[in-house]
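Peer 1:
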Amino acid sequence: MAITVRIPTPLQRLTNSQSEVPCEGKTVAELLGDLEKRYPGIKERICDADGKLRRFVNVFVNEEDIRFLQGDQTAVKDGDDVSIIPAIAGGA
Amino acid sequence: MSFTKEHIARYSRQLILPEIGLPGQQRLQEASVLLIGAGGLGCPAALYLAAAGVGRLGLVDADAVSLSNLHRQVLHATADIGRSKVESAREKLTALNPETEVVAYHARLDAATAKSFLPAYDVVLDGSDNLATRYLVNDACVLLGKPLIYGGAVQWRGQLMVIRPGQSACFRCVFPEPPQPGEIPDCQAAGILGATAGVIGTLMAQEALKLLLGTGQPLENQLLTYDALAGAFRRVPVRRDPDCAVCGVHPSIHALVSIDLMSCSHKEA
Chain H
1 MAITVRIPTP
11 LQRLTNSQSE
21 VPCEGKTVAE
31 LLGDLEKRYP
41 GIKERICDAD
51 GKLRRFVNVF
61 VNEEDIRFLQ
71 GDQTAVKDGD
81 DVSIIPAIAG
91 GA
Chain G
93 MSFTKEHIAR
103 YSRQLILPEI
113 GLPGQQRLQE
123 ASVLLIGAGG
133 LGCPAALYLA
143 AAGVGRLGLV
153 DADAVSLSNL
163 HRQVLHATAD
173 IGRSKVESAR
183 EKLTALNPET
193 EVVAYHARLD
203 AATAKSFLPA
213 YDVVLDGSDN
223 LATRYLVNDA
233 CVLLGKPLIY
243 GGAVQWRGQL
253 MVIRPGQSAC
263 FRCVFPEPPQ
273 PGEIPDCQAA
283 GILGATAGVI
293 GTLMAQEALK
303 LLLGTGQPLE
313 NQLLTYDALA
323 GAFRRVPVRR
333 DPDCAVCGVH
343 PSIHALVSID
353 LMSCSHKEA
C-alpha cells in the first residue's frame with residue numbers, strides 16, 4: 001500500500017497523464033521528494049528553490065490544508081490521500 | 093414593486109419554489125450583482141442572473157469581442173466581433189430580460205475602478221482572467237465587506253468558492269500570495285473548453301442567487317473543484333487564516349493596490 005497523490009491537470013504531463021500516482025514517505029516533504037524521483041521536474045512546479053510550497057499552490061492531506069497542520073513536516077501514512085491544488089486564474 | 097401578470101408568468105417556474113415565492117422574487121428585483129469579466133464565466137453567470145430577475149447587473153470588462161472568444165463566451169455572437177464585450181453583453185441581457193438594468197463598465201479593474209464600482213453592488217462575481225485581478229477583487233471585497241464568488245476555469249477543470257468577508261476564508265487565506273513573474277513557466281495559453289467555463293459560471297450564478305435569497309448553504313470555507321474529464325466534483329475544506337494579509341487578525345493590507353503581474357499569469361503552477 002502507498003499514499004495516493006492527486007496531481008492537478010497542468011502537472012499531469014509530467015506524470016504520463018496520470019491524475020493519481022502512488023508515492024511513499026513519512027512526511028509531505030518526503031512524499032514530494034519521492035514524487036520528484038518518480039517524475040523529475042514536478043517538484044519545482046510545486047515548491048520554490050528553497051523547497052517551500054509555492055504560495056499559490058495548496059497541499060491537502062485527507063482534505064486538510066497542510067498549512068494548518070505541520071506544513072511539509074505533516075506526517076503521512078499508507079492509505080492517506082494527498083491532493084495538490086493550485087489556484088485557477090482563468091475565466092474570461 | 094408590484095408584480096404584473098407578465099412578471100408572474102415570466103418567473104412562474106421559480107416563483108413556485110418555496111425558497112423563492114413573491115418575497116424572494118422581490119429580493120432579487122431589488123438586488124444587484126457586479127460581474128468582473130464578461131467572458132467565459134461572466135457570460136453564463138450574467139445570463140442566469142438576468143433571467144432570474146436580478147434587478148441590476150454591472151459588467152466590468154475592457155476587452156472587445158474576438159472570434160476566439162465565441163466558443164465559450166455565450167453572450168457574444170459572430171456579428172459582435174470588434175465590439176466592446178460589455179456593450180454586446182448588455183444588449184443580449186436586456187433582450188432576455190428588459191426588467192434587469194445592465195450597467196456596462198468598459199474599463200479594466202484596478203484599485204481606483206474597484207473602489208468606484210464595488211460599493212453600489214450587493215454581491216461580486218469574479219470571472220476575471222488573471223491572478224492580479226483576482227487578488228485585487230478579493231482584497232477590495234474584504235476591505236468593503238462585499239460577498240464575493242470566486243470562480244476559475246481552465247482546460248477541463250474549474251474551482252469555485254464563496255467568500256463572505258469576516259465570516260469565511262478569503263482567496264488570500266487559501267492562496268496567500270500571487271506568483272511572482274518568473275514563477276510561471278511560460279505564456280502559452282492553457283486552453284479552455286466552453287462547457288467547462290459554463291459549468292463554473294452557472295454555479296457562480298447559483299451561489300449568488302442563494303446569497304441574495306438568503307437560502308441554502310453558501311459554498312464557503314470550502315473549495316469546490318470540478319474535473320470535467322473525470323466527471324467529478326470535490327469539495328476540500330478551507331479555513332480562515334489568522335495570518336491572512338487582508339482578513340487576518342493583524343492584516344498588513346489596509347488599502348487597495350494594483351498588483352502588476354504578467355498578463356499571461358493564467359498559466360498556473
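Chains as they are written, first to last, in my numbering: chain H, 1 to 92; chain G, 93 to 361.
Quick reminder that beta carbons are idealized off the backbone N, C-alpha and C, glycines included.
#1: Exposed or buried, what is G/Q264 when buried is set at 16 or more other beta-carbons lying within 10 Å of its beta-carbon?
#2: Report the neighbours of G/A212 on chain H: residues whose CB is nearer than 7 angstroms to its CB, in chain order.
#3: If you count every other CB in all the chains shown that lies within 10 Å of the CB of H/D78, and 16 or more means buried, which is it?
#4: What residue from G/Q314, G/Q247 and G/G237 has the CA that sits closest to G/V266's CA?
#5: Give, in chain order, every unbroken run of the alpha helix (DSSP H) that is at least 4 residues long and sits entirely within the stretch 101-147 of chain G.
#6: Could you give the residue range of the beta strand (DSSP E) that holds H/F60?
#7: Answer yes or no: do G/G293 and G/L133 have a C-beta to C-beta separation smaller than 8 angstroms?
#8: When the cut-off is 8 angstroms and only beta carbons count, does H/S17 lie next to chain G?
#9: Below 8 angstroms, can you find three or more Cβ-Cβ pairs linking the stretch 231-251 of chain G to the stretch 23-37 of chain H?
#10: Please classify G/D221 as buried or exposed, where buried requires at least 16 other C-beta atoms within 10 Å of its C-beta.
#11: Using only CA atoms, which one of G/G116, G/C339 and G/K97 lies nearest to G/A232?
#12: Taking G/E111 as the reference, which of G/T307, G/S176 and G/C135 has the closest Cα?
#13: Please tell me whether G/P115 has its Cβ less than 8 angstroms away from any Cβ of chain H.
#14: Check this for me: beta carbons of G/L120 and G/G150, under 8 angstroms apart or not?
#15: Quick check: is the beta carbon of G/Q298 nearer than 8 angstroms to any beta carbon in chain H?
#16: Taking only beta carbons into account, state which residues of the stretch 301-318 of chain G come closer than 8 angstroms to chain H, listed in chain order.
#17: Are the beta-carbon atoms belonging to G/A142 and G/N189 less than 8 angstroms from one another?
#18: Provide the residue span of the alpha helix (DSSP H) that contains G/S180, from first to last.
#19: What is the rounded straight-line gap between the Cα of H/I66 and the Cα of H/T15?
#20: For H/D80, decide whether its Cβ has a neighbour in chain G, counting only Cβ atoms nearer than 8 angstroms.
#21: Along chain G, which residues have their Cβ under 7 angstroms away from the Cβ of H/I88?
#22: Using CA atoms only, rank isn't needed, just tell me which of G/R200, G/V291 and G/L210 is closest to G/T225.
#23: Can you find a CB in chain H that lies within less than 8 angstroms of the CB of G/F267?
#24: From the DSSP output, in three-state form, read off G/C265 for me.
#25: Identify the continuous beta strand (DSSP E) that holds G/Y318 and give its terminal residues.
#26: When the Cα atoms are used, what is the spatial distance from G/Q280 to H/I46?
#27: Let's test the definition: count the other Cβ atoms within 10 Å of the Cβ of G/L109 and tell me whether it reaches 16, buried, or not, exposed.
#28: Leaving out the 5 sequence neighbours to the left and right, which residues in its chain are closer than 7 angstroms to H/P8 when beta-carbon positions are compared?
#29: I'd like to know whether the C-beta atoms of G/R182 and G/A196 end up nearer to each other than 8 angstroms.
#30: Which class does G/Y227 belong to by DSSP, given the choice of helix, strand or coil?
#31: Please list, in chain order, the residues of the stretch 214-237 of chain G that have any C-beta partner in chain H closer than 8 angstroms.
#32: For the beta strand (DSSP E) containing G/V216, name the first residue and the last one.
#33: Taking G/P329 as the query, report the chain H residues whose CB atoms sit under 9 angstroms from its CB, ordered along the chain.
#34: Considering Cα atoms alone, identify which of H/R13, H/G41, H/T4 and H/K43 is closest to H/E24.
#35: Quick check: G/A203 and G/S350, are their CB atoms within less than 8 angstroms of each other?
#36: Could you check the C-alpha separation between G/S158 and G/G131 for me, to the nearest Å?
Peer 2: The relevant details are as follows:
#1: Position 172 of the second sequence, counted from the start, is the residue given in the question as residue 264 of chain G. Going by the sequence as given, residue 264 of chain G is Arg instead of Gln. By the neighbour-count criterion, in which a residue is buried when 16 or more other Cβ atoms sit within 10 angstroms of its Cβ, G/R264 is buried.
#2: Stepping through the second sequence from its first residue, residue 212 of chain G is reached at position 120. The premise fails here: G/A212 is roughly 22 angstroms from chain H at the closest Cβ pair, so nothing lies under 7 angstroms.
#3: Reading the first sequence from its first residue, position 78 is the one you call residue 78 of chain H. Counting C-beta atoms within 10 angstroms of its own C-beta, H/D78 has fewer than 16 neighbours from the protein chains shown and is therefore classed as exposed.
#4: Here residue 266 of chain G refers to the residue found at position 174 when the second sequence is read from its first residue. When only C-alpha atoms are compared, the closest one is G/Q314.
#5: Correct list: 104-107, 113-122 and 134-144.
#6: Within the first sequence, residue 60 of chain H is the residue found at index 60, counting from 1. Going by DSSP, H/F60 is part of the beta strand (DSSP E) stretching over V57 to V61.
#7: Here residue 293 of chain G is taken as the residue at index 201 of the second sequence, counted from 1. Here residue 133 of chain G is taken as the residue at index 41 of the second sequence, counted from 1. When the beta-carbon positions are compared, G/G293 and G/L133 come within less than 8 angstroms of each other.
#8: Locating residue 17 of chain H in the first sequence gives position 17, where the first residue counts as 1. Not one chain G Cβ lies under 8 angstroms of H/S17.
#9: The stretch 231-251 of chain G vs the stretch 23-37 of chain H: no contact.
#10: As a first step, residue 221 of chain G is located in the second sequence; it is residue number 129 there, counting from the start. Its Cβ being crowded by 16 or more others within 10 Å, G/D221 is buried.
#11: Taking the second sequence and counting its residues from 1, the one referred to as residue 232 of chain G is at position 140. Closest option to G/A232, Cα to Cα, is G/C339.
#12: Numbered from 1 along the second sequence, position 19 holds the residue referred to as residue 111 of chain G. Nearest neighbour of G/E111 by Cα position, chosen from G/T307, G/S176 and G/C135, turns out to be G/T307.
#13: In the second sequence, counting from the first residue as 1, residue 115 of chain G sits at position 23. No, its Cβ sits nowhere closer than 8 angstroms to a Cβ of chain H.
#14: As a position in the second sequence, residue 120 of chain G is number 28, starting the count at 1. As a position in the second sequence, residue 150 of chain G is number 58, starting the count at 1. Cβ distance not < 8 angstroms, so G/L120 and G/G150 don't count as in contact.
#15: In the second sequence, residue 298 of chain G corresponds to position 206, counting from 1. No, no contact with chain H.
#16: So the list reads L315 and T317, given in the order they occur along the chain.
#17: Here residue 142 of chain G is taken as the residue at index 50 of the second sequence, counted from 1. Here residue 189 of chain G is taken as the residue at index 97 of the second sequence, counted from 1. Yes, they are a contact pair.
#18: Within the second sequence, the letter at position 88 stands for residue 180 of chain G. K177 to L188 is the span of the alpha helix (DSSP H), which, as asked, contains G/S180.
#19: Stepping through the first sequence from its first residue, residue 66 of chain H is reached at position 66. Stepping through the first sequence from its first residue, residue 15 of chain H is reached at position 15. Taking the straight line from one Cα to the other gives about 23 angstroms.
#20: Counted from its first residue, the first sequence places residue 80 of chain H at position 80. Cβ-Cβ to chain G under 8 angstroms: no for H/D80.
#21: As a first step, residue 88 of chain H must be located in the first sequence, where it is residue number 88. Neighbourhood of H/I88 in chain G, by CB distance below 7 angstroms: G244, A245, V246, G250, Q251 and E360, in chain order.
#22: Locating residue 225 of chain G in the second sequence gives position 133, where the first residue counts as 1. For G/T225, the nearest C-alpha among the options comes from G/R200.
#23: On the second sequence, position 175 is the one that residue 267 of chain G refers to. Yes, G/F267 counts as interfacial toward chain H.
#24: Start at 1 with the first residue of the second sequence, and residue 265 of chain G comes out as number 173. In the structure shown, G/C265 sits in a helix (DSSP, three-state: H, G or I).
#25: Translated into the one-based positions of the second sequence, residue 318 of chain G becomes position 226. Membership of G/Y318 in the beta strand (DSSP E) is indicated by the continuous run Q314 to D319.
#26: To locate residue 280 of chain G, count along the second sequence from 1; it is residue 188. To locate residue 46 of chain H, count along the first sequence from 1; it is residue 46. Low local confidence applies: a pLDDT of 46 at G/Q280 is under 50, so the model's placement there is unreliable, and no value is given.
#27: The residue given as residue 109 of chain G occupies position 17 in the second sequence. An exposed status is given to G/L109, since fewer than 16 other beta-carbon atoms sit within 10 Å of its beta-carbon.
#28: As a working note, residue 8 of chain H is residue 8 in the first sequence. Closer than 7 angstroms at the Cβ level, and outside the excluded window around H/P8, lie I84, I85 and P86.
#29: As a working note, residue 182 of chain G is residue 90 in the second sequence. As a working note, residue 196 of chain G is residue 104 in the second sequence. G/R182 is a Cβ neighbour of G/A196, given a cutoff of 8 angstroms.
#30: Mapped onto the second sequence, residue 227 of chain G falls at position 135. Helix.
#31: Of all residues in the stretch 214-237 of chain G, D218, G219, S220, D221, N222, L223 and R226 have a Cβ within less than 8 angstroms of some Cβ in chain H.
#32: Within the second sequence, residue 216 of chain G is the residue found at index 124, counting from 1. For G/V216, the enclosing beta strand (DSSP E) covers residues V215 to D218.
#33: Walking along the second sequence from the start, residue 329 of chain G turns up at place 237. Chain H residues near G/P329: F60, E63, E64 and D65.
#34: Counted from its first residue, the first sequence places residue 24 of chain H at position 24. H/E24 has its Cα closest to that of H/T4, out of H/R13, H/G41, H/T4 and H/K43.
#35: For the purposes of this step, residue 203 of chain G is taken as the residue at position 111 of the second sequence. For the purposes of this step, residue 350 of chain G is taken as the residue at position 258 of the second sequence. Judged by their CB atoms, G/A203 and G/S350 are nearer to each other than the 8 angstroms cut-off.
#36: In the second sequence, counting from the first residue as 1, residue 158 of chain G sits at position 66. In the second sequence, counting from the first residue as 1, residue 131 of chain G sits at position 39. G/S158 and G/G131 have their C-alpha atoms some 11 angstroms from each other.
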